[in-house]
Amino acid sequence: MLALAEAAAEALTQLRAATPLVQCLTNEVTTNLVASSLLAVGASPAMAAVPGEAEELVGVAGALLVNLGTPGPDQRACVEPTVAAAAGARTPWVLDPVAVGVLSVRTRLAARLVAASPAVVRGNASEVRALAGRASAGRGVDATDAVDAARDAAVEVARRHGTVVAVSGAVDLVTDGRHEVRLAVGHPWLTLVTGAGCALGGLVAAFAAVTEPLVAAVAASTLVGVAGERAAVGAAGPASFAVALVDHLHTTSPDDLARRVLAAARVQTVQVAA
């Protein structure tokens, strides 16, 4: 556990020193919060979803976020060529399969994308179950499945596609198919801010630019959780909480992050039923 906490702290230090460019093919509804969150932690966001340009930019980016929240014509036209270009450039990329399993266009697209082995898949329990081809109870962008209901699906997706899967919930689950990390961190108001999950996807990508995928997912999930806990202190409600959330993403230190990983995380080897 200590090694994981130290790795998360070192990743935050490296992120702030390197200021990696994170290319975001992301949800139009939440672009501002994603960009602000990336800037707050020290990354440099680029929201370039133009066919032709997107493939060019990923070659010089530190990481790529693919968020399927609003898969309009331009994004659908450029996302697969951009993912292919990222693979060719060895640029790590993160898949955020928003509302997959509920809506057909993005569900088919996500099935092709996950087969391209993203560094990290970050989603809610219903989305992760759907990626594994299992029945899910999502309602639009909201999950109605519990995190534990997605545990076996997360392990399956991680092993099948050689990826790390991060399932967000009251207690987050992160797995690479061999280990699983549970993170008891965060605040309920995170579910009342439009784009908090999208921002988390962007932060996972930022961390993936400077560290290995499992550490990236744990560090980003814990950082958002810590910032959420601190933002809730003194906030009047979700609106002031959202502003304070960005502030605390900026002010949380590597030592703060390490301490919270030590306090919040539980790591164990994955046990798979015969």
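So that you can map any letter, position 179 of the sequence shown is 180 in our numbering, and since no number is skipped, the others follow by simple counting.
All C-beta atoms in this analysis are idealised placements derived from N, C-alpha and C, irrespective of residue type, glycine included.
Bear in mind that the values here come from a model prediction, so they are computed numbers and not experimental data.
| query | result |
| --- | --- |
| C-alpha distance - Leu250 paired with Val244, whole-angstrom precision | 10 Å |
| C-alpha gap between Arg260 and Leu224, whole angstroms | 11 Å |
| Complete alpha helix (DSSP H) runs within the stretch 43-87 (minimum length 4 residues, chain order) | 54-59 |
| Cβ pair count under 8 Å reaching 3, the stretch 203-216 against the stretch 50-68 | yes |
| Run of the beta strand (DSSP E) containing Arg135, from where it starts to where it stops | Per DSSP, Arg135 belongs to no beta strand (DSSP E) and is neither H nor E. |
| Same chain, Cβ closer than 8 Å to Pro52, neighbours up to 5 away in sequence not counted | Asp75, Ala78, Cys79, Pro82 |
| Buried versus exposed, by CB contacts within 10 Å (16 or more), Arg109 | exposed |
| Backbone CA spacing between Ala144 and Phe242 [nearest angstrom] | Residue confidence is low: Ala144 scores 49 on pLDDT, short of 50, so the model does not pin down where it sits. Its coordinate-derived value is still stated next. Roughly 22 Å between the two C-alpha positions. |
| N-terminal and C-terminal residue of the beta strand (DSSP E) that Thr176 is part of | 173-176 |
| C-beta contact flag for Thr1 and Val156 at 8 Å | Coverage of the chain is limited to positions 2 through 275, which leaves residue 1 absent and any answer about it impossible. |
| CA nearest to the CA of Val172, picked from His188, Val165, Thr164, His180 | His188 |
| For Asp149, three-class secondary structure by DSSP | helix |
| Host alpha helix (DSSP H) of Leu215 (start-end) | 214-233 |
| Distance cut-off 7 Å: Thr92 Cβ against heavy atoms of the ligand MN | In the structure shown, the ligand MN is absent, as is every other ligand, since no ligand is present at all. |
| Residue range of the unbroken alpha helix (DSSP H) whose run includes Ala206 | 197-209 |
| Which of helix, strand or coil DSSP assigns to Ser241 | helix |
| Closest by C-alpha distance to Leu58, when choosing among Asn68, Ser37, Gly43, Val84 | Val84 |
| Val239 to Trp190 span [Cα, whole Å] | Correcting the residue type first, residue 239 is Pro in the shown sequence and not Val. So the two alpha carbons sit approximately 6 Å from each other. |
| CB contact flag (Ser38, Val227, <8 Å) | no |
| Distance between Glu181 and Gln269 (C-alpha atoms, nearest Å) | 6 Å |
| Cβ-based burial, Ser254 [other Cβ within 10 Å; buried from 16] | exposed |
| Gly141 classed as buried or exposed, judged by whether at least 16 other C-beta atoms fall within 10 angstroms | With a pLDDT of 49 at Gly141, under the threshold of 50, the predicted position of this residue should be treated as unreliable, and no value is reported. |
| Element boundaries [alpha helix (DSSP H), containing Val262] | 255-265 |
| As assigned by DSSP and simplified to three states, the class of Ala120 | coil |
| DSSP state of His180 mapped onto helix, strand, coil | strand |
| Identified DSSP bridge partners for Glu169 | A quick correction: the sequence has Ser, not Glu, at residue 169. Asn125, per the DSSP bridge assignment. |
| Within 8 Å, strictly: CB atoms of Arg107 and Val115 | no |
| Reference Gly170; option with closest CA among Asp97, Ala126, Arg135 | Ala126 |
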